[in-house]
Each structure stands twice: as structure tokens, then as C-alpha cells.
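Which chain is which? The protein sequence lines are A and B, in order.
Sequence positions in the first sequence follow our numbering and run 24 to 623.
Sequence positions in the second sequence follow our numbering and run 4 to 381.
Structure first, then comments.
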Amino acid sequence: MNELYLNGKFIGKVENPSEFTEKVREARRNGVIPDNLNIYYDKRVEDIQINDNKGRLRRPLIVVKDGQPTLTEDNIKKLQKNEILFSDLIKQGVIEYLDAAEEENAFIAFSREELTKEHTHLEITPLAMVGLCTSLVPYANFSPGARISIGSKNQKQALGMYAINFPIRIDMDVNILHYPQIPLVQSIMHEVSNYNKHPSGQNMVVAVMSYKGYNVDDAVILNKASIDRGLGRSTYYRPTIAEELRYSSGLTDEISIPDKDIKGYKSERDYRLLEGDGIIFPEANVIEGDVIIGKTSPPRFLSSMDQYNLAPSSRRESSVALKHGEEGVIDFVLITESSEGNRLVQVKIRDQRIPELGDKFTSRHGQKGVVGLIVDQADMPFTASGITPDLLFSPHGIPSRMTISHLIELIAGKTGALSSRYIDGTLFDVEPEKKLRRELLSLGFRENGVETMYNGITGEQLEAKIYIGNIYYMKLKHMVANKIHARARGPIQLLTRQPTEGRAKEGGLRLGEMEKDTFVAHGVSLLLKERFDADGTVIPICESCGMVAVHDKFRNKLYCPICGDNVEINFIEISYAFKLLLDELKSLTVHPKLILKNKY
Amino acid sequence: MNKLFKKYEEKLPLKVINDIKENMPKNISEAKLKRILEKTVIEYNKMLVEPGESVGIISAESIGEPGTQMTLNTFHFAGVAEMNVTMGLPRIIEILDGRKTIKTPMMEIYLTKPYNQGKNIKRIALSIKETKLNEIVSEFVINIAESKIEIIFDEVKMKNIGIEYPVIQKNIKTSFKELALSKKGNAIILKLNEKEKEINQLFKIKEKIKDIYIQGVKSVTHILPIKKGSEFLIVTAGTNLKKVLELDFVDKTRTISNNLFEITNVLGIEAARQAIINEVFKVIQNQGLNVDIRHLMLVADTMCATGSIKGVTRYGVVKEKSSVLAKASFETPLKHIFNASLVGEVDHLNSVVENVMLNQPVPVGTGLPGLITKVKRD
Numbered sequence: 024m025n026e027l028y029l030n031g032k033f034i035g036k037v038e039n040p041s042e043f044t045e046k047v048r049e050a051r052r053n054g055v056i057p058d059n060l061n062i063y064y065d066k067r068v069e070d071i072q073i074n075d076n077k078g079r080l081r082r083p084l085i086v087v088k089d090g091q092p093t094l095t096e097d098n099i100k101k102l103q104k105n106e107i108l109f110s111d112l113i114k115q116g117v118i119e120y121l122d123a124a125e126e127e128n129a130f131i132a133f134s135r136e137e138l139t140k141e142h143t144h145l146e147i148t149p150l151a152m153v154g155l156c157t158s159l160v161p162y163a164n165f166s167p168g169a170r171i172s173i174g175s176k177n178q179k180q181a182l183g184m185y186a187i188n189f190p191i192r193i194d195m196d197v198n199i200l201h202y203p204q205i206p207l208v209q210s211i212m213h214e215v216s217n218y219n220k221h222p223s224g225q226n227m228v229v230a231v232m233s234y235k236g237y238n239v240d241d242a243v244i245l246n247k248a249s250i251d252r253g254l255g256r257s258t259y260y261r262p263t264i265a266e267e268l269r270y271s272s273g274l275t276d277e278i279s280i281p282d283k284d285i286k287g288y289k290s291e292r293d294y295r296l297l298e299g300d301g302i303i304f305p306e307a308n309v310i311e312g313d314v315i316i317g318k319t320s321p322p323r324f325l326s327s328m329d330q331y332n333l334a335p336s337s338r339r340e341s342s343v344a345l346k347h348g349e350e351g352v353i354d355f356v357l358i359t360e361s362s363e364g365n366r367l368v369q370v371k372i373r374d375q376r377i378p379e380l381g382d383k384f385t386s387r388h389g390q391k392g393v394v395g396l397i398v399d400q401a402d403m404p405f406t407a408s409g410i411t412p413d414l415l416f417s418p419h420g421i422p423s424r425m426t427i428s429h430l431i432e433l434i435a436g437k438t439g440a441l442s443s444r445y446i447d448g449t450l451f452d453v454e455p456e457k458k459l460r461r462e463l464l465s466l467g468f469r470e471n472g473v474e475t476m477y478n479g480i481t482g483e484q485l486e487a488k489i490y491i492g493n494i495y496y497m498k499l500k501h502m503v504a505n506k507i508h509a510r511a512r513g514p515i516q517l518l519t520r521q522p523t524e525g526r527a528k529e530g531g532l533r534l535g536e537m538e539k540d541t542f543v544a545h546g547v548s549l550l551l552k553e554r555f556d557a558d559g560t561v562i563p564i565c566e567s568c569g570m571v572a573v574h575d576k577f578r579n580k581l582y583c584p585i586c587g588d589n590v591e592i593n594f595i596e597i598s599y600a601f602k603l604l605l606d607e608l609k610s611l612t613v614h615p616k617l618i619l620k621n622k623y
Numbered sequence: 004m005n006k007l008f009k010k011y012e013e014k015l016p017l018k019v020i021n022d023i024k025e026n027m028p029k030n031i032s033e034a035k036l037k038r039i040l041e042k043t044v045i046e047y048n049k050m051l052v053e054p055g056e057s058v059g060i061i062s063a064e065s066i067g068e069p070g071t072q073m074t075l076n077t078f079h080f081a082g083v084a085e086m087n088v089t090m091g092l093p094r095i096i097e098i099l100d101g102r103k104t105i106k107t108p109m110m111e112i113y114l115t116k117p118y119n120q121g122k123n124i125k126r127i128a129l130s131i132k133e134t135k136l137n138e139i140v141s142e143f144v145i146n147i148a149e150s151k152i153e154i155i156f157d158e159v160k161m162k163n164i165g166i167e168y169p170v171i172q173k174n175i176k177t178s179f180k181e182l183a184l185s186k187k188g189n190a191i192i193l194k195l196n197e198k199e200k201e202i203n204q205l206f207k208i209k210e211k212i213k214d215i216y217i218q219g220v221k222s223v224t225h226i227l228p229i230k231k232g233s234e235f236l237i238v239t240a241g242t243n244l245k246k247v248l249e250l251d252f253v254d255k256t257r258t259i260s261n262n263l264f265e266i267t268n269v270l271g272i273e274a275a276r277q278a279i280i281n282e283v284f285k286v287i288q289n290q291g292l293n294v295d296i297r298h299l300m301l302v303a304d305t306m307c308a309t310g311s312i313k314g315v316t317r318y319g320v321v322k323e324k325s326s327v328l329a330k331a332s333f334e335t336p337l338k339h340i341f342n343a344s345l346v347g348e349v350d351h352l353n354s355v356v357e358n359v360m361l362n363q364p365v366p367v368g369t370g371l372p373g374l375i376t377k378v379k380r381d
């Protein structure tokens, strides 16, 4: 007897398992039971699993009967004429979705040619094996799977145009590529998925060579002239939001230019861009510190009397200003209401991003890299026909990663560009490399894609022939302008008096435990002391009880809160964090006593 | 000549002087020898570690950095008749933590001259292995009617290991004094007393008899004779250094165990120090890494400085630190601080960590030297 489970729960026993599963499948194909149900007969443990719950990954396959696919030419013709839909085929039982479990019972043919009597299913196309992003990698069947995964992951980070109504949308961290191009080397999915309507990269002329060592370790070199003509140029949009909040006391925030006598008033200069309503005007150039939306809030704590005595001076400043290191142009101002009915102001800031050192670029084959150098066109190597590449890619990135598809795309792109057509690089169904080579030859180029090139600086002919062609490159959203960070002096934390952490808070770069050890290992004792001096303080210590004493600066008097003023009190220089440790020990009822000794 | 050497004994270590003595030609002139010694002193001083060099942290970094590259798991040789030994990072952790019980205790037993040539090596090895009665018995026959247990022995096995019947009889006799023993052919017959004529008693005794110790070195569970160069030696799983060294065919100068605590007890702390160095160095070399042995010597010295092995843990080396703050900054800070407050400990800020905490110059490198001058006080 075989046990039967529905969504993992035991529901009964079955006498003839093979017959039972076949019956269920037949019923599903005939539309008697829902098509999202999958059944799996496990011969080893002799049980049947039926699942119709959420969270199973399923994929479509053509049903095969007696070695013949149930999908007929007639079906295909009707599909092309839009007389029937894909969903109709599912209803007819021609196509069905299998989950991972039922796939174990199926025998799936890769192509029509290899169909035999034993086969139960046929792939719609081998491309259906991979997901959407992976199917956008051209010539993917020529590279290791790991690289293809990386390539498809990278494409998700590429800049393009995410929605055509972007000018009136308010989204966080948006990047729009200025001159997106349709890839020269495509797969069928580029057309099917409408990728060509909103592409996210550019076809660049790529030469595989080194240049003064500035493209070692996965770096790439860009042509300055190409950048000036708009290559890799994008715009970064970021919204700032201010809401007139209502508080429980009945008071509200107010969006306006703050009065001068308000608590926390910045400087007049900071408010200079605001218009009468307290909101900045579009197309204003802003830099860090500039107020974008002027706002004041009621005082945080109200005593009972204050409610009747609301001098404007007791309100505090809560404007939205541009943070450290940010700049741009005001793009769009939106005044609306929040879901609570409060006045809501959203301002979009735009900033043009021209490719610079450290910006990240990638091809579709997991060959990502950052810009290592931007070279004037005059200094770029050029071919006999006068072509200068947009991008130089180091050949050392190839052998260990074995991304042959990257190399084939270069030749395919070159052929496509020269013969002004798109090349089909669909997975398992590509235009053969041989054909491309022949075509390239007939176009008057070397069939292997190499060309004689000349040193752009000296004009000398390069000894080696250079592999040059077109590859679709994408700019990724990781840009230096969003990440660059350094600090000499800056804000500190209230509790520990140590520098704050993180770029957003203009924080310091931590010198951690292990870094400290290297200082000690070098014996640079005083340098270490200086490095850790950020929270250094001078505090008075009572020599009698060993605790922190008080220095009354107004009366210039020293006294100890425990022992009085008739004791010897001396100043010591220690880190504030240690004083904090002493305080914490006191809260643990431990008396930390400092015994002072003269150093000399 | 010797007078001259004597003069340099303060300036050079004895080993260097002896080396020079050995390698000098007989008829060397005194002036020339003096020049050589003078030059040696200069070179020797150049090689010394400078005062204030933070050797401890340099050792920690030198061992720790390659340690990150070590493979965590040992290779297991499937099918090879070799014992699996803890190697790699787990073994280093085991040694440096100063664990009392280690995962794979082992001995390498070297043999004296006639025995190490391979003749009878298997028999010698088997005589070291702890043999229990069960291993040489072919069958137990229980006679319920007469309340007898008949133990039939496998004489081939007995001959291989080299066990005689009297030894067995003696060992059974010492464990079960109340049983009557008699020998018949290749069997020993045990007869129960009249008092204990119950059946289950019979079976209980049978099970107990199986575990009777017959001969060999206790706690040596496996043996493996191997050939190393031109001689044979025996590798064992399970250690008992003391008992092994008592055997007369064992080379007492080279036989070694990998259990550090056993070495401390049998051979003393200096031997244990050397064992730590050897064991750690063996692992590091096995991983194809390159760590200067002097770093390991420093660690071993620290672990053995108190006369017993102290692991690099909060119960071992760290516990010996004089500074409260240094101890607290390692592990379980509250425990250390409360204990210190109970006895009123004073931290003199003599070491590195405390001074980093207070942001004072650490007493290493440039922070070590001070100025000696008289300060006028008014």
C-alpha cells in the first residue's frame, strides 16, 4: 500500500500508485482539477506527494504522448495569429507546469529530434531552463555557469530607464542613463521581454590590451572623447521630504522661511534659495548645507504655562538641508497631502553623473571592473582605419575566468556593427562563430578580429595585433560620487566623545583592534597614542579618594565632592572612554581608585 | 688559548664559543683568534632582538596570519591502513589551549639496536598493545547443568602475540579469586562455587571475563609498525609513555608521545616545551606554511614558564597576567573586575593593553625609554 500525502499531510492510501498518478495527471490536463496541482510518485519510499500550495518553483513544458508532442503546427499558427493564447494551451493540456518534485517523474526531451516513446515532456525551448536575466546573456553556452550567473546579477544593477514616467515619479535613489542603446548582440528574449524598448547599456568599441598598467586587476580604461560625447553619462535623482506634522498638544510644524530668532537658526545664506512659501524653486543649484525646505517645529517639551504663551522664539528649526558632500539641481517640487491629511512637500534633486575614476562598468559576462584611467582620445591607441576604442579591457581577466562568451560577443558585435544588423546570441541557438568570421572576412577585416594598432602617444605600430570589436557595456549603480568619504575633523558621539561612524554621519575611519596591534608591533608607541587621542580629555582627580573631582571654572576652584576642598587635586590626561569605564564600574558598585604618580 | 675563550664567555653564548673552538685550525695564532672572536661578538650583537621590540605581538601576528589560510579539515585517507590523526587548525588549537585530553593521543616508539631491524617487529608491536582476554578467545561454552564456563582459546593468535597459558590463568585468578580453575587442552574451565549456582551469574561472569587484562601496555589501543629510513618503529594510538619507557627493548632517548601533559609528568617541563614547539611546527610545515620557529619557541616558553603547561586561555596564560585591565579586556571582564575589587588589586599599568585603554604611551618601542633628569622643585 502506498501512502498519499496532500501538501505534506497524510490523507489516505492508494493501491495502484502508477495508475493513480496517471489518472490525476490526465484529469489535470482535461481541466477537471486545477492546473496548479502537481503529483509525484516516489518509488523508493512508496508514497505519493500531491502539492497545490504556494512557494513551489514551476516551469512550463510541452506534454508528449506516444513520442509525439501534443503541440501541433495548427496550435503554433493560431498562436502567431493571436487567435489563441498561451493560457489556452494550458487549458487544453498541451502545456503544463511541473514543479521540482513532479519533474523527477518526467522524462524531458531537449529538442524535437531526440524524442522517443519513453519521453513524457518536451522543452518549449532550451532557453526556458534559465531565468529572464540569464537569458539576456548572449552566447551564454560558451562560458562557465558561475560567470553567467554573475553576469545576469550584474545586469540587474545596470543603469537604464526604469520607467518612462520617471520625471513625475518620486523614488529613492534613481539613476537614468542618458543615451541607452539597443545591444548589437541579442538573444530572443531581448525582443520578447521588451528589453529593446528600455535598454540599459551602450555598445562600446573595446580593445583587449593593456595601457600603461592602468587596467590591471579588472580595471578598465575609458576614452575621454567618448565620455565627452555622452558615453556612460547618467543622472541621479534623490527626493527630500518634509511633512507638517501635528503634535498631541494641537501644535503643528510650519513650512516657511524660519524667523531669525528661532532656536537653531542657521545662517541667512543657507536660506537664500527659499521662496516666499519656504520651499526652494526648481532649477536652483544647491550645494551642501543649503536649505531645501524651511520648516519650524514647536518646542519638544511644553510646560503647562507655555501653552498660553507661544512666543515664536520658543519654536525650533527643523528644516531639510542638503547633507555633507551632496550637490545638484532642484528638478521638481511637489506639494501635496499625506495620508493623514498633513501638508507634504517633496523635492527631487537631480545630479548629472559623468563617468569618473572608480565608477563601475561591466559587460554581460560577469566581467565587471572599475574605471582606472580616463585617457584623451589623442593618446588612445588607434587602428589603421582610424578607430580609437571607447574602452580598454585587460586580457588578464580572461584565462582564469574562461568567459569565452565575452570574446565571442566582441567579434559578433564587430560583425553586427559593420553589417548594420543585430546578431542572435540566444542560448543554445546562436549564430555560429564560423559564420561570423566568414562575414567579417567578406567585410574586409581579419576573420579573427584582430587589427593592427598604433601607439597613440608615439605613433609607433604596436608589435602585437590587437583584438578589437564591439561589446555591450553597462554602467552599474555603484558610483564613486555616492561612496567617496574621508575626514580629518568632524562630529563626535555624545556618550563616548569618539568620532561618529559611517559616511552619512561624516564619520571617522575606524582603527580597529588588529590595526592597533600593528602599531604596537612596529613599536610606534607615540604615534599610536596620537591616533587614539580623538577622545582625549583632561580631568581633575582627587588624590585622597582617587575619584574624579570638580573644577569650578567660574571661581577657579578645585574641590572633591566626597573629600571637600582640603585635598590635593591634580589633572590627568586620559581618553574619555576610560572615564566612561570608571563611571560604569561605579554603577556596578566597584570603586575604581586612581593612584597618581609623578611621571618624572 | 683557553684563557682567551674564557674571556669571551660573558659576551657570547657557550654554543657559539664551542662551535668556534671546534672549527679552528690547531695552529692558529692568538691575535688572529682574537680578531675572529671580536668580529663574532659584533655579528652576534647585531642579530640580537633590540630592547623594546614587541616580540609577543609580532609572534602572534606571524602565527595568526598564516593561520587564517590553514585548511580546517584534515584529509582522510580512505582505505589506507593508517590511523587518522588530528592535524591542521584543530590540532594547533588543541595544543595552544593546553587541553588535558586530546583527540588522538599517539606515541612513536623507537626500538634499541637488535629489535629495530624488522625481525619479529609485528610480535614486538603486539606485545605492546593492550590485549584483553576477549581477543584471544575463539569460543565461550557455557555448561548450565554443571555451572561451568569453558573458554576455548585461539592458539594461533596466542602464538602471534606471544601469550602463554600460565599468564592467562594467573590474570583470571587475580580477578576472580572464588572460581575454580582447570586446564584441559586448548581450553580453560571455570567452575562456580556452590553458593553462586544461579544461571544469570554465569552469564555475568562470562561478560566480565571478556574484559580481563592479559598483557601489554595499558591504554594502547592500536599499534602500527612502520619503517622509517633504515629502521622500524612502532606508532600507537593511545599513550602510556611511562609504561612504555620501562620496556627494555624501547629506545628511551627517542620515544615520544604527543600528549603534552604526559610528557610533563614523565619527562618534565623542558621536554614538554620542546614537544609544544615540535608539534606546532609539524602542523605548520604540513600545511606548507612558513613560520619562523622562534615565534613558536616564544609561545612555548610562555605556556611553560610557570612549571606546568598553561594554555592560551582565560584559565591559563591570561590568568597569570598581573594587570586587572588586561585580564578584563580579554574575556569575562566583570568576573575579573569584581575579583580585583574584592581584594583591592592595584594595576600598575606596566603592559600594553592597559595603556592603550588609558591612551598612555605603551611601553614598547619608542614608548619604552624615558629621560633621567633631575627636576627642580620649588
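Every residue, glycine too, gets a C-beta built ideally from N, C-alpha and C.
Task: Where B/Arg38 falls: helix, strand or coil (DSSP) - done: Working through the second sequence from its first residue, we reach residue 38 of chain B at position 35. In the structure shown, B/Arg38 sits in a helix (DSSP, three-state: H, G or I).
Task: Per DSSP, cross-strand counterpart(s) of B/Ala240 - done: Walking along the second sequence from the start, residue 240 of chain B turns up at place 237. Paired residue(s): B/Met109 and B/His225.
Task: Proximity test, Cβ basis, 8 Å: B/Asn362 and chain A - done: On the second sequence, position 359 is the one that residue 362 of chain B refers to. Yes, B/Asn362 counts as interfacial toward chain A.
Open item on the list: Residues of chain A with CB closer than 7 Å to the CB of B/Val367, please, in chain order.
Closed with: Counting from 1 along the second sequence, the entry for residue 367 of chain B is found at position 364. Within 7 Å Cβ-Cβ: Val543, Gly546 and Ser548.
Open item on the list: Tell me the DSSP secondary structure of A/Ala248 in three-state form.
Closed with: Counted from its first residue, the first sequence places residue 248 of chain A at position 225. Three-state DSSP puts A/Ala248 in a helix.
Open item on the list: Measuring only the C-alpha atoms, how far is B/Lys49 from B/Arg276?
Closed with: Taking the first residue of the second sequence as position 1, residue 49 of chain B is located at position 46. Taking the first residue of the second sequence as position 1, residue 276 of chain B is located at position 273. So the alpha carbons of these two residues sit roughly 27 Å apart.
Task: Three-state class that DSSP yields for A/Leu581 in the structure shown - done: The residue labelled residue 581 of chain A in the question sits at position 558 within the first sequence. Of the three classes helix, strand and coil, the one that applies to A/Leu581 here is strand, per DSSP.
TODO: Select from B/Ser65, B/Tyr47, B/Asn137 and B/Leu40 the residue whose C-alpha is nearest the C-alpha of A/Met537.
DONE: For this step, residue 537 of chain A is matched to residue 514 along the first sequence. If we check each option's Cα against that of A/Met537, B/Ser65 comes out closest.
Open item on the list: Measuring straight from C-alpha to C-alpha, what distance separates A/Val37 and A/Arg135?
Closed with: Here residue 37 of chain A refers to the residue found at position 14 of the first sequence. Here residue 135 of chain A refers to the residue found at position 112 of the first sequence. If you take the alpha carbons of A/Val37 and A/Arg135, they lie about 35 Å apart.
TODO: Helix, strand or coil for A/Gly439, going by three-state DSSP, please let me know.
DONE: The residue you call residue 439 of chain A lines up with position 416 of the first sequence. A/Gly439 falls in the helix class under three-state DSSP.
TODO: Tell me, please, whether the CB atom of B/Ser57 is closer than 8 Å to any CB atom in chain A?
DONE: Stepping through the second sequence from its first residue, residue 57 of chain B is reached at position 54. Yes, B/Ser57 lies at the interface with chain A (some Cβ there is under 8 Å from its Cβ).
Open item on the list: Against chain B, with Cβ distances strictly below 8 Å, would A/Phe577 count as a contact?
Closed with: If you number the first sequence from 1, residue 577 of chain A lands on position 554. No, A/Phe577 lies away from the interface with chain B (no Cβ there is under 8 Å from its Cβ).
Open item on the list: Whole angstroms are fine: how far does the CA of A/Ser158 sit from the CA of A/Asn128?
Closed with: Locating residue 128 of chain A in the first sequence gives position 105, where the first residue counts as 1. Locating residue 158 of chain A in the first sequence gives position 135, where the first residue counts as 1. Their Cα atoms are separated by approximately 26 Å.
Task: Exposure of B/Ser178, with buried meaning 16 or more beta-carbon neighbours within 10 Å - done: Position 175 of the second sequence, counted from the start, is the residue given in the question as residue 178 of chain B. B/Ser178 should be labelled exposed.
Open item on the list: Am I right that B/Val367 and B/Leu99 are in contact with their C-beta atoms under 8 Å? What's the rounded C-beta distance?
Closed with: Here residue 367 of chain B refers to the residue found at position 364 of the second sequence. Here residue 99 of chain B refers to the residue found at position 96 of the second sequence. That belief does not hold up - the Cβ atoms of B/Val367 and B/Leu99 are roughly 23 Å apart, past 8 Å.
Open item on the list: Pop quiz: A/Leu380 and A/Val503 are said to be a contact at Cβ under 8 Å. What is the actual Cβ separation, rounded to whole angstroms?
Closed with: Here residue 380 of chain A corresponds to residue number 357 of the first sequence, with the count starting at 1. Here residue 503 of chain A corresponds to residue number 480 of the first sequence, with the count starting at 1. 7 Å between Cβ atoms; contact.
Task: Neighbour-count burial assignment, A/Glu125, 16 or more Cβ in a 10 Å radius - done: The residue labelled residue 125 of chain A in the question sits at position 102 within the first sequence. It counts as buried.
Task: DSSP bridge partner residues for A/Val197 (one or two, in chain order) - done: Here residue 197 of chain A corresponds to residue number 174 of the first sequence, with the count starting at 1. Answer is A/Tyr260.
Task: C-beta atoms of A/Thr319 and A/Ile285 nearer than 8 Å - done: Here residue 319 of chain A refers to the residue found at position 296 of the first sequence. Here residue 285 of chain A refers to the residue found at position 262 of the first sequence. In contact: A/Thr319 and A/Ile285 (Cβ atoms closer than 8 Å).
TODO: Return yes when the Cβ of A/Ile377 is within less than 8 Å of the Cβ of A/Val309, no when it is not.
DONE: Translated into positions along the first sequence, residue 309 of chain A becomes position 286. Translated into positions along the first sequence, residue 377 of chain A becomes position 354. No, they are not a contact pair.
TODO: Would you list, in chain order, the members of the segment 99-132 of chain A that have their beta-carbon closer than 8 Å to a beta-carbon of chain B?
DONE: none
TODO: Could you tell me the boundaries of the beta strand (DSSP E) in which A/His574 lies?
DONE: Within the first sequence, numbered from 1, the residue matching residue 574 of chain A stands at position 551. First-last of the beta strand (DSSP E) with A/His574: Val573 to Asp575.
Open item on the list: Contact defined as beta carbons within less than 8 Å: I believe A/Gly253 pairs with A/Tyr495. What is the distance between those atoms, to the nearest angstrom?
Closed with: For the purposes of this step, residue 253 of chain A is identified with residue 230 of the first sequence, where counting begins at 1. For the purposes of this step, residue 495 of chain A is identified with residue 472 of the first sequence, where counting begins at 1. The pair is not a contact, with the Cβ atoms about 16 Å apart (cut-off 8 Å).
Open item on the list: Among A/Gly546, A/Lys66, A/Ile73 and A/Ser442, whose alpha-carbon lies nearest the alpha-carbon of A/Arg51?
Closed with: If you number the first sequence from 1, residue 51 of chain A lands on position 28. It is A/Ile73 whose Cα lies nearest to the Cα of A/Arg51.
TODO: Check the Cβ of A/Gly559 against every Cβ in chain B and list those closer than 8 Å, keeping chain order.
DONE: In the first sequence, the residue the question calls residue 559 of chain A occupies position 536. Under the 8 Å cutoff, chain B gives Asn362.
TODO: Establish whether the CB of B/Ile66 and some CB of chain A are separated by less than 8 Å.
DONE: Indexing the second sequence from 1 puts residue 66 of chain B at position 63. No, B/Ile66 does not count as interfacial toward chain A.
Open item on the list: I'd like to know if B/Val238 contacts chain A, where contact means its C-beta is closer than 8 Å to some C-beta of that chain.
Closed with: As a position in the second sequence, residue 238 of chain B is number 235, starting the count at 1. Not one chain A Cβ lies under 8 Å of B/Val238.
Task: Under 9 Å by beta carbon: chain B residues contacting A/Val571 - done: Counting from 1 along the first sequence, the entry for residue 571 of chain A is found at position 548. Chain B residues near A/Val571: none, gap ~14 Å exceeds 9 Å.
Open item on the list: Does any residue of chain B have a CB that is nearer than 8 Å to the CB of A/Val590?
Closed with: Position 567 of the first sequence, counting from 1, holds the residue named residue 590 of chain A. Not an interface residue.
Task: Exposed unless 16 or more other CB atoms sit within 10 angstroms - verdict on A/Tyr185 - done: Walking along the first sequence from the start, residue 185 of chain A turns up at place 162. Result: exposed.
TODO: For the beta strand (DSSP E) holding B/Val283, just list the boundary residues, first then last.
DONE: In the second sequence, counting from the first residue as 1, residue 283 of chain B sits at position 280. Note, B/Val283: premise wrong, no beta strand (DSSP E); alpha helix (DSSP H) at Ile272 to Asn289.
Task: Residue nearest to A/Ile205 in terms of C-alpha spacing, selected from A/Cys156, A/Ile595 and A/Gly183 - done: Sequence index remark: in the first sequence, residue 205 of chain A carries index 182 (1-based). Among A/Cys156, A/Ile595 and A/Gly183, the Cα nearest to that of A/Ile205 is on A/Gly183.
Open item on the list: Could you check whether the Cβ of B/Gly70 sits closer than 8 Å to any Cβ belonging to chain A?
Closed with: What you label residue 70 of chain B is simply residue 67 of the second sequence in a count that begins at 1. It does not; no Cβ of chain A falls within 8 Å.
Open item on the list: Does the CB of B/Gly291 have a neighbour CB from chain A at under 8 Å?
Closed with: Residue numbering aside, residue 291 of chain B sits at position 288 when the second sequence is read from its first letter. No, B/Gly291 lies away from the interface with chain A (no Cβ there is under 8 Å from its Cβ).
Open item on the list: Would B/Gly370 pass as an interface residue toward chain A - the criterion being a Cβ-Cβ separation below 8 Å?
Closed with: The residue you call residue 370 of chain B lines up with position 367 of the second sequence. Yes, because at least one Cβ of chain A sits closer than 8 Å to the Cβ of B/Gly370.
Task: For A/Gly392 and A/Val243, believed in contact at Cβ under 8 Å, the rounded distance - done: The residue labelled residue 243 of chain A in the question sits at position 220 within the first sequence. The residue labelled residue 392 of chain A in the question sits at position 369 within the first sequence. Rounded, the Cβ-Cβ distance is 5 Å, consistent with contact.
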